[in-house]
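Taken in order, these protein sequences are the chains called A and B. Residue numbering for the first sequence follows the working numbering, starting at 250 and increasing by one per position. Residue numbering for the second sequence follows the working numbering, starting at 827 and increasing by one per position.
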Amino acid sequence: MYKVKVYVTLRESVLDPQGAAVMNSLHSMSYQEVQDVRIGKFLELSIEKSDRDIDFLVKEMCEKLLANTVIEDYRYEVEEVVAL
Amino acid sequence: MKFAVIVFPGSNCDVDMFHAVKDELSAEAEYVWHTEGSLDGYDGILLPGGFSYGDYLRSGAIARFSNVMNEVIKAAEEGKPVLGVCNGFQILLEAGLLPGAMRRNKDLKFMCRTVQLKVENARTLFTSRYTEGEIIDIPIAHGEGNYYCDEETLEMLKENKQIVFTYHNENPNGSLADIAGITNERGNVLGMMPHPERAVDTLLGSADGLRLFQSIVKNWRESHVVNA
């Protein structure tokens, strides 16, 4: 079994209105140090082992559904979970 | 001319869309559930607004993989008119039938009011009953209508006259180049955030949306009916 963590964020070149609103709020709370806030999504997938390559599968899922690559970037981490 | 009004779980403008073509134009129309595997026999496809699949993940992202979408893509390739309004537009973007993507509105608010649109291209099968440059009143109702595409795509949209409607006077959602509606390159697929189906009778505040549906029917008659 694999535990896969997928992070989806708006591309750097795409303005993130939610992130901008959160940054304004942090500034008004006097956290002037904050330079940028990007809001994204975190997905955790449990994937059964099969004869299909895990990287291939996760990439395909990200490209097809989990991220919209017109405006979003994604990255992921694969962790192998040993059944007890 | 027979329309299919595609219904997804969470569609909520399907009845208005049906009313616009069936009652106002006396065209034939049927509701088609998202599980359907065929759109044979329909001459025009209408994707209504709403919150398909709760807009989970991204607006339109899950609806795009429903069974009927393969048929919508097929109909688009065959050159049949395909109109997506609001969530329907978002689904067409996710399906790759139109270029670009939607972001949250610039001030994060859900906007629900009538806005002014400028008809940028009156030579499409959806807009032939308007005049170029005409200003029309059509309501909007969306939280994610902030259209985005890269510069290269924007140039292509401009060059091919694919930008059909823009917001006039004010841009309610921050969309790139004030874009409210675009077609594909071939011109038979239109996606727009404003709701023409909610503006088909002066009793509703505006009848400016009616001519969009009339244009579709007129174009179809001219190309399909002998001695029209």
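Ideal placement from N, C-alpha and C gives every residue a C-beta, glycine not left out.
**Prompt:** Would A/S262 be called buried (16 or more neighbouring beta carbons within 10 Å of its own) or exposed?
**Reply:** exposed
**Asked** Between the region 991 to 1001 of chain B and the region 933 to 947 of chain B, do at least 3 Cβ pairs fall closer than 8 Å?
**Response** yes
**Message:** According to DSSP, is B/F834 part of a helix, a strand, or is it coil?
**Reply:** coil
**Prompt:** Would B/V898 pass as a contact of B/A927 if the rule is Cβ separation under 9 Å?
**Reply:** no
**Per-residue DSSP class, three states only, for A/C311** = helix
**Prompt:** Taking the alpha-carbon positions, what's the B/I888 to A/M272 distance?
**Reply:** 30 Å
**Item:** alpha helix (DSSP H) segments (min. 4 residues) lying fully within the region 900 to 972 of chain B
**Value:** 913 to 920
**Request:** Could you name the residues of the same chain whose beta carbon sits closer than 6 Å to that of B/Q916, not counting the 5 residues immediately before and after it, in chain order?
**Result:** S885, G886, M928
**Message:** According to DSSP, is B/I1005 part of a helix, a strand, or is it coil?
**Reply:** strand
**Request:** Name the two residues that bound the continuous beta strand (DSSP E) containing B/L1038.
**Result:** From DSSP, B/L1038 is part of no beta strand (DSSP E) but of the alpha helix (DSSP H) over 1036 to 1050.
**Request:** Report the rounded CA-to-CA distance for B/S954 versus B/N1045, giving the unit in angstroms.
**Result:** 8 Å
**Prompt:** Does DSSP put B/M895 in a helix, in a strand, or in coil?
**Reply:** Helix at B/M895.
**Request:** Kindly list, in the order they appear in chain A, the residues whose Cβ is closer than 9 Å to that of B/L891.
**Result:** The residue you asked about is not Leu; residue 891 of chain B is Phe in the sequence shown. Here the neighbours are K313, L314.
**Prompt:** Got a sec, what are the start and stop residues for the beta strand (DSSP E) A/V292 sits in?
**Reply:** In the sequence as presented, Val is not what sits at residue 292 of chain A; that position holds Leu. Per DSSP, A/L292 belongs to the beta strand (DSSP E) from 289 to 296.
**Prompt:** Which residues does DSSP pair with B/I871 in a beta bridge?
**Reply:** B/A830, B/V908
**Prompt:** To which residues does DSSP link A/R324 through a beta bridge?
**Reply:** A/Y256
**Message:** Taking the beta carbon of B/V894 as the centre, do at least 16 other beta carbons fall within 10 Å, making it buried, or is it exposed?
**Reply:** Answer is buried; the Cβ neighbour count reaches 16.
**Asked** Counting along the chain, where does the beta strand (DSSP E) carrying B/F991 start and finish?
**Response** 989 to 993
**Message:** At the level of alpha carbons, what is the spacing between B/S825 and B/V831?
**Reply:** No answer is possible for residue 825 of chain B: it lies beyond the span of chain B, which begins at 827 and ends at 1054.
**Request:** Taking A/I296 as the query, report the chain B residues whose CB atoms sit under 8 Å from its CB, ordered along the chain.
**Result:** Per Cβ cutoff of 8 Å: no residues; A/I296 is ~18 Å from chain B at best.
**Asked** Name the DSSP bridge partner or partners of B/G1078?
**Response** Because chain B is modelled from 827 through 1054, residue 1078 of chain B falls outside the range shown and cannot be assessed.
**Prompt:** Taking Cβ to Cβ, would you say B/R939 is nearer than 9 Å to B/P965?
**Reply:** yes
**Item:** Interface positions of the region 313 to 332 of chain A facing chain B (Cβ-Cβ less than 7 Å), listed along the chain
**Value:** L314, N317, V319, I320
**Prompt:** Using a Cβ-Cβ cut-off of 6 Å (strictly less than) and excluding sequence neighbours within five positions of B/E862, which residues of its own chain qualify?
**Reply:** V894
**Asked** DSSP puts B/S1032 in a beta bridge; with which residues?
**Response** B/D1027
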